[in-house]
Structure formats: structure tokens, C-alpha cells
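Asker: My structure is below; once you've seen it, I'll send some questions.
Numbering (our numbering), first residue to last: 35 to 189.
Listed below in C-alpha cells is the structure:
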């Protein structure tokens, strides 16, 4: 299974339009080679360099049909449920005011079930619901660098 983005390559900077301080738009994502046994997909986006001592969730979505090949700010399947991010918002919150370089992990999960969670469920409930149901995983990582007071995500 593979997760890519036409907006940036694995390990590259996340473009400004996807940052909370700019357009705050969900980056486009392409999904490939989902295993035949998958009944649904889930995607989470998290800051793995958070000073909070835990991974900060920027987007959480589940019950995505396994035949989905593309998602973006306007192309999220209607069957999809979106959870509450770390900031208390149901939806996408892009990387915001940061200090230094932060890495953001986009995780695609193929599940052997549909999750019985309502829209707006928080990350701890999501984590408990997927336990024992992940049959494949793919990751894409991007970064944002706000060092030296700059806000150029391509540095």
C-alpha cells in the first residue's frame, strides 16, 4: 500500500497553502495498492515533533471506502467520518505557528472493518477502535521549518 501527495514528496516541505497561517487546506493525497481484504481506510495527520510530549493530531478520518484513490479538501468521500483534532476542531487544522522544524506524518491505514465511531470522535477513541484491525499501513512525511523567525515552508 502506498500514500503519496501531488503537493510534496516524502521528506519534503509542506507547501504554504496547507498551513494554518495561510489557506489551511487539506493536502491532496493519492492512495495506491490497497490490500484486497480491506473493508475501509483511515488517515491521520500528526505532528511528531510537538513540544507537548505527544503527537498532535491535525486530521483524522475513517470509514473511507477502500477503492478510494484520491482525497483533497473538496474530494473527501461522503461515507467518510472525520474526527476531532487536538485543537478541538472537527476537520483539518494545518500546521500553525511553530518554532524550528516539525515533521508531519500522514498515516494511511487499511482496516478489516468499518469503525463504529461517530463523526467528531477524538483520537483516543479512534486508537482503541482500530486496535487489532490494521492489515496494512503506509506513511508519507512532510516538514515545516519556521526557524529563525521565517515562515517559508520550503526551507
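Every residue gets a Cβ at the ideal spot worked out from N, C-alpha and C, and that includes glycine.
(1) For residue 96, collect the residues of the same chain with a Cβ closer than 6 Å to its Cβ; drop the 5 residues on either side in sequence, then sort them by chain order.
(2) So, at 8 Å on beta carbons, what are the nonlocal neighbours of residue 69 in its own chain, with the 5 sequence-adjacent residues on each side left out?
(3) Taking just the CA atoms, how far does residue 158 sit from residue 62?
(4) With burial defined as no fewer than 16 other Cβ atoms inside 10 Å of the residue's Cβ, what is the status of residue 104: buried or exposed?
(5) Helix, strand or coil: which one does DSSP assign to residue 52?
(6) Start and end of the alpha helix (DSSP H) containing residue 161?
(7) Would you mind listing the alpha helix (DSSP H) stretches within the segment 46 to 109 that are 4+ residues and don't spill past its ends, in chain order?
(8) Can you tell me whether DSSP reads residue 121 as helix, strand or coil?
Answerer: Result, derived from the coordinates:
(1) 76, 115, 149
(2) In chain order, 35, 144, 169, 170 place their CB closer than 8 Å to the CB of residue 69, counting only its own chain and leaving out the 5 sequence neighbours on each side.
(3) Going by the C-alpha atoms only, they are around 25 Å apart.
(4) Taking a 10 Å sphere around the C-beta of residue 104, we find fewer than 16 other C-beta atoms and assign the residue as exposed.
(5) Per DSSP, reduced to three states, the secondary structure at residue 52 is helical.
(6) 157 to 164
(7) none
(8) coil
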